[in-house]
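What follows is one structure encoded as structure tokens, with my remarks underneath.
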Amino acid sequence: MLYRLLSIVQRQRTSPGWQTWSPARSSTSAAEAHSIALPAQAQVVICGGGIMGTSVAYHLSKMGWQDIVLLEQGRLAAGSTRFCAGILSTARHSSIEQKMADYSNKLYHQLEQETGIQTGYLRTGSISLAQTQDRLISLKRINSRLNVVGIPSEIISPKKVAELHPLLNVHDLVGAMHVPEDAVVSSADVALALASAASQNGVQIYDRTSVLHVLIKKGQVTGVETDKGQIECQYFVNCAGQWAYELGLSNEEPVSIPLHACEHFYLLTRPWDTPLQSNTPTIVDADGRIYIRNWQGGILSGGFEKNPKPIFTEGKNQLEIQNLREDWDHFEPLLSSLLRRMPGLETLEILKLVNCPETFTPDMKCIMGESPVVQGYFVLAGMNSAGLSLGGGAGKFLAEWMVYGYPSENVWELDLQRFGALQSSRTFLRHRVMEVMPLIYDLKVPRWDFQTGRQLRTSPLYDRLDAQGARWMEKHGFERPKYFVPPNKDLLALEQSKTFYKPDWFDIVESEVKCCKEAVCVIDMSSFTKFEITSTGDQALESLQYLFSNDLDVPVGHIVHTGMLNEYGGYENDCSIARLTKRSFFMISPTDQQVHCWAWLNKYLPKDSNLLLEDVTWKYTVQQSLEWRQFSRSCFGMGITSTVSEEKEIYSAWDMASPGGHLLVRSGLTAEETIEYILPANLPHYTSRALHASQSAATFSSALNLIGPRAVDVLSELSYAPMTPDHFPTLFCKEMSVGYANGIRVMSMTHTGEPGFMLYIPIEYALHVYNEVMSVGQKYGIRNAGYYALRSLRIEKFFAFWGQDLNTLTTPLECGGESRVKLEKGIDFIGRDALLQQKQNGVYKRLVMFILDDHDTDLDLWPWWGEPIYRNGKYAGKTTSSAYSYTLERHVCLGYVHNFSEDSGEEQVVTTDFVNRGEYEIDIAGHRFQAKAKLYPVTSFFSHKRRKDDVELSDFHGK
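Take the position in the sequence shown, starting the count at 1, then add 92; the result is the number in my numbering.
Here's what the structure looks like:
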């Protein structure tokens, strides 16, 4: 069957990249489809025969797995894969996406030789245009990152653009980036080649076979139900593209996969009188919102308009994607932009306007990884119109994840577990993708925020803080204050200010940092993830000692900084844990780790009815099962706390009539069984009382960070208790009264290294405690502060944060976290063997703090993250985070230093001497700035303000 969109020009088809389908190239014919029986079992079942599914099958088979079945509801590559524009671009903002695209490029280049199937691969190169200086800065930042990973690229002039592509109008350009090894390819033929290679390696492929739902037992994949029967399996991979959302929700235990489709348009023209050469570079004019590539001597051009059209919000049942209805009015702005860039097109005949669905995710990044609720259920979908570029690398990383337990690169920013169920609302997704699609070509300056789907999760103090000038950022659906705008500032101008240089909020954050250093500030940190782990015996301590690297067998009231490690010693989580009682622990983790932490804890905690795990981040965070919700509609008087057990939720009963809630029974029974246990036999007096479901007796849903030297005075006055270090030592936790509120959990830590306290407050007391703190604090110079001040404080103190500086491939020995590990605590823990081996062999990277030396804060481009680090003129790593230190009056960057062999490029051991003996530079958009390297925080000598010219950082050493 011909590609439908090209049927009108079949006699002109000459490019091998746009070939016809033939029955021989399909895995089964229509007649055969109903006669072929599916296997009764397999190790892996993959749903989706596009480039994602075939890439996963290809790589799994390459890694030695052969008992694999791939199912496609229509024909192979008949979904969005066949409508792909065929542009393979390695110029990505994200480091992991750059690596995936580079791998895809190399894979597709050799695929034709490996399989004998023509893929239309042609190395044309690409040119990304810049109409503004800010766009050129963005390209320079990408260019510097491409060069250090071995992808050839260069910044070129408009004159050079005209030489490479004479048909372009270049009068409005200020520069461009040329990537000569980018390519074009037929995505459908790539998918068929991957499928062919996988089939030769033993993968069984069946088309015209629909997956109805996945079979799950005890939270584990056991098989799939298809329209042709069941297949038992251990692993299921959802590569269903735009159908992935509905397929995920079709199970008895739904898997949330947040993506949504939009219409995507591009046009095809007849050849020029003098046909374009086949190696004509692909053009990306992001400021004009269009892309252009050669197609059979003419052009293929599309783009990402400002007003996209979401589709299929109500779901769809189409087996194969068909060309949607043309909409020339909607495409007109992109057509106008195309004609401005290539005026000669006015005389060229347009063959067709293609309209096809593309799926987008809430944060413009694809979705991969294992479900947090169903083990063995993997996902690879939501490619944001970059499926061809990322497909090869994405399939490789997911296959590694399944075979080895972890991918070879840090893919947290793509992990399914970065999302929660709250991002799966159809209304949210519809509105968010209308913002996401234009953002693909929008200028991405640092610290930009999504505007849709906001105010979804807010602190009890949100309205109060908003009225006081809070400017908001969003993290995992939570609204968090960035900074607070003084009354005399122009709010509109501040919100619209977007720059790679010194931002307009610089002075505002400076005053907040100064207040944290000299007086006292309040930061609302309610969004942090919080768990309580409790047991009836020693089960909680024993389990946590195995899960965490530090020693948690500390006196009651003490706080331990630690982390959960994987078997390779990498950080799955970075957290603080307070021991509340001998059998109860309180865990605080980063905001975006809520789903990931829950999944990890639930995976490794023993299935013991005497062990209770509760998510107390926010009220109603722990979802109640359907059976209990139905029962609870007419009940009140008793509380039931739920958590997840081996098979379903387990419940504990609390007498809500007694002060604080008296524990009646905690069991591994279901809700129904718990009720039966309580009512008929053990607590007959409750038969005349109704029941209701609640979360727990006390939910700590608000958290205030009190930072600064006068925090002790504020809290002492509010609690009538001495709060000095002698009475309340560092890393200590105690429940106490603050104002009129009882049971406030006070901890002597701030996540910044500055003195102060964290206050964890039940929701009903949040506003009262905040008001009291602000009222009493007036005499001590109190003010609100935001996360930008927090970032500056923590980076200058060399505090590494998970998700930015720490990840699953980073060990404590590589980031200076030795103090958070107790190798000899007498109990084995996950990752201990790997750390012992690393301690013996040495580390191959080291987290270092860099202080920029010759950087002008007012005039030079700022570092943000991802800048290349050079040691003695050689590439040595990248920055992971950065901030301006108002204390040091310098920019401070954190980043990992590697020791690459000059001969082989392989990584070698990084020693303290290797770090200290190097001369360092940080590359910011192609300009290198000298930097001083520190392995420890800079001495407090710099706590006093000094002029830059009066301070020579090299004269001082961290203590």
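C-beta: ideal position from N, C-alpha, C; glycine also.
Annotation for Y554: E571 place their beta carbon closer than 7 Å to its own, counting only its chain and skipping 5 residues before and after. Contact between Y575 and W540 does not hold, since their C-beta atoms are separated by about 15 Å, which reaches or exceeds 8 Å.
The region 868-879 makes no contact with the region 840-857: fewer than 3 CB pairs, one atom from each, lie closer than 8 Å. In this chain, the beta strand (DSSP E) harbouring N991 covers R982 to F992.
Assigned with DSSP and collapsed to three states, M155 falls in coil, not helix or strand.
Cβ contact annotation for G461 (same chain, cutoff 8 Å, sequence separation greater than five): F470, V471, L490, W493, V503, L506, D507, L508 and Q509, in chain order. Under a 10 Å Cβ-count criterion, Q637 is classified as buried, with 16 or more other Cβ atoms of the shown protein chains found around its own Cβ. Put simply, of G267, P578 and P400 the residue whose alpha carbon is nearest the alpha carbon of Q560 is P578. K622 places its beta carbon less than 9 Å from that of V708. By the Cβ test, the region 138-154 is in contact with the region 163-174, since at least three Cβ pairs between them sit closer than 8 Å. Where E450 is concerned, the enclosing beta strand (DSSP E) starts and stops at I442 to F452. Assignment of C354 by DSSP, reduced to helix, strand and coil, places it in the strand class.
Runs of the alpha helix (DSSP H) spanning 4 or more residues and lying entirely within the region 127-185 occur at 143-154, in chain order. In this structure, V525 places its C-beta atom within 9 Å of the C-beta atom of T453. If you compare the alpha carbons of P258, L798 and Q326 with that of G468, the shortest gap goes to Q326. If only uninterrupted beta strand (DSSP E) runs of at least 3 residues are considered, those enclosed by the region 318-375 are 321-324, 327-330 and 352-361.
Between D274 and T182, the C-beta spacing is below 9 Å. Secondary structure at T654: strand, using DSSP grouped into helix, strand and coil. G394 has Y358 and Y383 as its beta-bridge partners, per DSSP.
By the criterion of at least three beta-carbon pairs nearer than 8 Å, the region 679-690 is not in contact with the region 854-868.
When secondary structure is reduced to three states using DSSP, K889 falls in the coil class, being assigned neither helix nor strand. When Q296, S974 and L341 are compared, the shortest CA-CA separation from E959 is found for S974.
Three or more pairs of CB atoms, one per stretch, sit closer than 8 Å, so the region 1012-1032 contacts the region 949-965.
With respect to the 9 Å criterion, P698 and S794 are not classified as neighbours on the basis of their beta carbons. DSSP places Y200 in the helix class (H, G or I) of the three-state scheme.
Apart from sequence neighbours up to five positions away, the residues of its chain that approach D558 with a beta-carbon distance below 8 Å are W564, ordered along the chain. Bridge pairing for N797: I615 and M850 [DSSP].
Distance from the Cα of N239 is smallest, within the candidate group L256, Y962, L531 and A1023, for Y962. Under the three-state reduction of DSSP output, C825 falls in the strand class.
One Cα belongs to G923, the other to Q930, and the distance between them is close to 11 Å. Nearest to L168 by alpha-carbon distance, out of S147, S187 and W157, is S147. In the three-state reduction of the DSSP assignment, C907 falls in the coil class, being assigned neither a helical nor a strand state. S245 and V271 do touch by the CB rule: their CB atoms are close to 5 Å apart, below 8 Å.
Around D159, the same chain offers A134 and Q135 as residues with beta carbons nearer than 6 Å, after the five sequence neighbours per side are excluded. Under DSSP, I403 shares a beta bridge with A353. Annotation for I247: the continuous beta strand (DSSP E) segment containing it runs E246 to I248.
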